[in-house]
Amino acid sequence: MTTDTLPVLTKKDFQTDQEVRWCPGCGDYAILAAVQAVFPELGIPREKFVVVSGIGCSSRFPYYMNTYGFHSIHGRAPAVATGIKIANPELDVWVATGDGDALAIGGNHTIHALRRNVGVKVLLFNNRIYGLTKGQYSPTSEFHKKTKSTPYGSPDRPFNPVSLAIGAESTFVARSVDVFQQHLKDTLKHAAAHKGSAFIEILQNCNIFNDGAWTTLTEKDARSEKIIQLEHGKPLVFGKNRDKGIRRLPDGDIEVVTLGGDITEKDLIVHNAHHPRPSYAFLLSHMEHRPGFPTPIGVLRAWDDLPRYEDVMNEQVQEVIAKKGPGDLASLLRSGDTWEVK
Amino acid sequence: MSTLAETPISKAKREVIEQAVIRFAGDSGDGMQITGSQFTNTVALYGNDIATFPDYPAEIRAPAGTLPGVSGYQLHFSSSDVHTPGDLVDVLIAMNPAALKMNLADLKPNGILIVNQDSFKENDLRKAQMSANPLEDHSLDKYRLFSVEAQRLTRNALQHLGIDAKAMDRCKNFFALGMCYWLYNRSMDPTFRWIDDKFSKKPLIAEANKLALKAGYSYCEATEAFQVSYEIPPARLEKGIYRSLSGNQAVALGFVTAAQKAGLTLFLGSYPITPASDILHELSQYKDFGVLTFQAEDEIAAITSSIGASYAGALAITTTSGPGMALKTEALGLAVMTELPLVIVDVQRGGPSTGLPTKTEQADLLQALFGRNSEAPIPVLAASTPSDCFWVVVEACRIALKYMVPVIVLTDGYLANGAEPWRIPTLDEIPAFPAAHAKNPEGFLPYKRDPQTLARPWAIPGTPGLEHRIGGIEKQDGTGNVNYEPLNHENMVRIRAAKVAGVVQDIPDAVPVGDPDGDLLIVAWGSTSGSITAALNGRRAKGLPGRIGHLHLRHLNPLPANLGEVLKRYKKILVPELNMGQLIWVLRAKYLVDAIGMNKIQGRPFMQNELEVKIEELIGK
């Protein structure tokens, strides 16, 4: 179908009559606004969208999207979405999930959907806390974090969601932030254009149970020093005065350098999101854990040369039918050795 | 290809008998399952009625020659109706001392015992924890013992092929099979055909197996080892084309058939688990029927992917066994809440926990009926014989689609692996039940119900104008919007219950086999059908008194509408089950009847004799 035969859709077409029941000030509103703004621009008929979720604050998302929607059970959204995608590969399936939903109870489904390259888009709302159950630590909470269930500090070491997704060899991995509305919309559009599995971690504030979850990164004075925006084909530069960069060391590791003197942008790594192997993206995803390194946002990896799972599966069916002809039920029931009783 | 005419004509006396029970037993690496299924296929093709009982260890290969490594395959074949694999065996083939030790108790006095003499050396006896050689100490005198050097004779027959000793020894099971074909005057042709097909890319191995089979046959012919051979004429079965069918095959064929009859794509989400995996294997072959099989990362993904596929419009199913059922529990509730069609097959095995993976049991009934949080009723059906699995699966799909509900089908390890002759139906014997996806946006509501079935419309993604949201949170009837109001919740709980209860309008009334009223009604379900039928036939043949009915329930939820009335027609109610008493619990609760339980929890089916003894105890000889 070409886009010019489609009715022009607007943001309003994707809003439901249901009252949105997130806490006032929740970062989820910003994500909802961004998704509702991006969907009409994708040239896809509204009935082809399916939004699937698990359990948690983020997972209320489908009720607020006027598309097909399935609010499933805790952690299982990637598996539900996989079934939908296999049964009908034409659908545009988005998963809305959270750090607890996707990385604790549903961790298994998340990694398997990604490694299979099922053509679903996973939006992981990461607020580093369990909100709906009122404030326990999550798999992305900081080590030693004090929460309702860890009054003496969390003994868990957190997952880095993008590292995990790259480790599972997801073909598209990105990160954005609830309050960076334009960046978030751009990232969603990149993901929408990707055919295989797309994983976006969205850093999101929970102003009730984990207020300021990401303020060390996002507050205006700090963000340019703490965050590096990745753009394919551009050098890895950051800093208030864009005077810092990431350079490759001879042993394959990376270092932060200050531009000036002998060091110019030519010495820096030029971001290649399309690299077929995940190791470079993993290196980037992991640098935020090292002192002095920035946290990357944007598209870390977008390598779209792998066939989608649902296509492989349906092509197998078509190939067998082409070879053997469509199955004949009467012959199937009579297959193997038979005998007649007269 | 050889024909029957080319095989040597036996000079021994030929005796016509009605039936026989034969058991092949050996090490799990000895190929006993293949040997048994080949013999089964051959006698079935000849026209005998059959019932089989494969019994093998959970370990793929326990240490060779040891007691836990023994694998057996029992076959009952007859010129009249067969209902069980038989209690005791007429012929036992024991390929090693461990197999002899584990199986001898089931051989009838004066029964035929064929042993592979080459595997009764000191080391073999030690592995089987035997202090003396039973072939030498007269402990087997009450049987007709045929001690055969199967290994040496097989090697002799194959030595010119130039294959190694290990490869030659792997053929000795077919030497034993050849002996059995001679003993029962059966053609080797079906097995020759199977060998050619199986080893089409390894002609030398094919030749070796064929030679071993012929060597066993010729050995009997040449040595006149047996004084007599037997002939079991074909059974007088209903007219038609037949095949041998196991329960797991029947489930797979039932689903492919149901998908065609519904006009839907079949989607199976499954995770490998004994004894259900063969259903996944079977269905993964049927790509020419458009079948989509998804081997999920776990049992939960298996069912939730199926729920997703159902939402997207497929005929979605999932297959598992008890431990997998336990993992699927929460998702079953989701299917109840979202009112999507789904069929779940539980091939029951011994439990709890990992339990006895390869053994049979009927202990998941209450789990199927009640094993979910809150009020989550689901229709439950149970198959009674291997081929009945076909019909039960078709019926389960019809109910799931008509009422927009998940449906559970219970089979068990005994049905799954056992086989029987199946009269292949013509396609017009199976009514179509075309499924309809909602199309019309006018007045559409996701939970607007059909007044007769209470089913909601099946509106699938991709349909313009029907965009809607469903999920596990309680919803308002009609709109499907999230709703926490007290009265709405009670209303929805009652509607979901009424919908499942309403399936009773699709269920035939209960009609006991045998006497319609009287002294005793045997009420049962699932795979005990054959043993109960055999026990009652046995009693009848002996001319024993008493008015007895047998009611075998296919629908366990809802139960047939007239069941309470039927129960009142008999003085005593006996409920035999391979569990601690689960159906009886339901019957007592629902109908306030003082039913008597009969319970066996040994991972094995009831023996005919056990039931006959119990019936005698209740109503006398």
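Going down the list, the protein sequences come from chains A and B.
Position one of the first sequence corresponds to residue 524 (our numbering), numbered consecutively onward.
Position one of the second sequence corresponds to residue 16 (our numbering), numbered consecutively onward.
Just so you know, even glycine gets a beta-carbon here, dropped at the ideal spot from N, CA and C.
For A/F805, the uninterrupted alpha helix (DSSP H) segment begins and ends at S802 to H809. Cβ proximity to chain A below 8 Å picks out E253, K254, G255, I256, Y257, R258, S259, L268, V271, T272 and Q275 from the region 253-279 of chain B. Listed by position along chain B, the residues whose Cβ is nearer than 8 Å to that of A/I607 are G323, A324, Y326, A327 and P476. Judged by their CB atoms, B/A27 and B/S244 are nearer to each other than the 7 Å cut-off.
Distance from the CA of A/P819 to the CA of B/F270, rounded to the nearest whole angstrom, comes to 50 Å. A residue is called buried once 16 or more other Cβ atoms fall within 10 Å of its Cβ, and B/I75, having fewer, is exposed.
In summary, the residues of the region 844-861 of chain A whose CB is separated from some CB of chain B by less than 9 Å are I844, K846, K847, G848, P849, G850, D851, L852, A853, L855, L856, R857, S858, G859, D860 and T861, in the order they occur in the chain. For B/K142, the enclosing alpha helix (DSSP H) covers residues E137 to K142.
By the rule that beta-carbons nearer than 7 Å mark a contact, A/L637 does not touch chain B. The CB of A/A604 comes closer than 8 Å to the CB of G323 in chain B, given here in chain order. Scanning its chain for C-beta atoms nearer than 7 Å, with the 5 sequence neighbours on each side dropped, one finds around A/E833 the residues K608, I609, P612, V641 and G642, in chain order. The residues C580, C729 and F732, in chain order, have a CB closer than 6 Å to that of A/G654 in the same chain once the five nearest residues on each side in sequence are set aside.
Listed in chain order, the non-local C-beta contacts of B/S542 below 6 Å within the same chain comprise D427, Y429 and L430, local neighbours out to five positions each way being set aside.
In the assembly as shown, B/A576 is an exposed residue. Its beta-carbon has fewer than 16 other beta-carbons within 10 Å.
Spatial neighbours of A/S699 in its own chain (CB-CB distance under 7 Å, excluding positions within 5 residues in sequence) are listed in chain order as H706, L707, T710, I723, I725 and I820. According to DSSP, B/R29 shares a beta bridge with B/S244. Counting along the chain, A/K767 sits inside no alpha helix (DSSP H); it lies in the beta strand (DSSP E) bounded by residues K767 to R771.
Excluding sequence positions up to five before and after B/F309, its CB lies within less than 6 Å of the CB of G284 and S320, all in the same chain and listed in chain order.
Collapsing the DSSP output to three states places B/N125 in a strand. Rounded to the nearest angstrom, the gap between the Cα atoms of A/D785 and A/D551 is 45 Å. For B/F282, the CB contacts under 6 Å within the same chain, skipping 5 residues up- and downstream, are L307, A324, A329 and A331 in chain order. Distance from the Cα of B/E312 is smallest, within the candidate group A/K846, A/R765 and A/T605, for A/T605. Contacts with chain A (Cβ-Cβ distance below 8 Å) from the region 454-479 of chain B involve I475, P476, G477, T478 and P479, listed in chain order. Counting other Cβ atoms within 10 Å of its Cβ, B/F54 reaches 16 or more and is therefore classed as buried. Around the Cβ of A/M810, a 10 Å sphere holds 16 or more other Cβ atoms; the residue is buried.
Fewer than three beta-carbon pairs drawn from the region 377-391 of chain B and the region 445-452 of chain B are found closer than 8 Å, and the two stretches are therefore not classed as touching. Just measuring C-alpha positions, the residue of A/S802, A/S672 and A/G762 sitting nearest A/I777 is A/S802. Listed by position along chain A, the residues whose Cβ is nearer than 7 Å to that of B/K225 form an empty set, because the closest Cβ is around 17 Å away. Here the C-alpha atom of B/I485 lies approximately 31 Å from the C-alpha atom of B/K302. Here the region 332-345 of chain B makes no contact with the region 31-49 of chain B; the two share fewer than three CB pairs at distances below 8 Å. Taking 7 Å as the CB threshold, A/N683 stays off the interface with chain B.
Shown here, B/I630 sits in a helix according to DSSP, grouped into three states. With a threshold of 7 Å between beta carbons, B/F92 makes no contact with chain A. Residue nearest to B/E632 within the set B/N111, B/D534, B/K229 and B/E410 is B/D534 (criterion: CA-CA distance).
Taking the beta carbon of B/V497 as reference, the chain A residues within 7 Å of it are Y586, listed in sequence order. The beta carbon of B/D303 falls within 7 Å of a beta carbon belonging to chain A, placing the residue at that interface.
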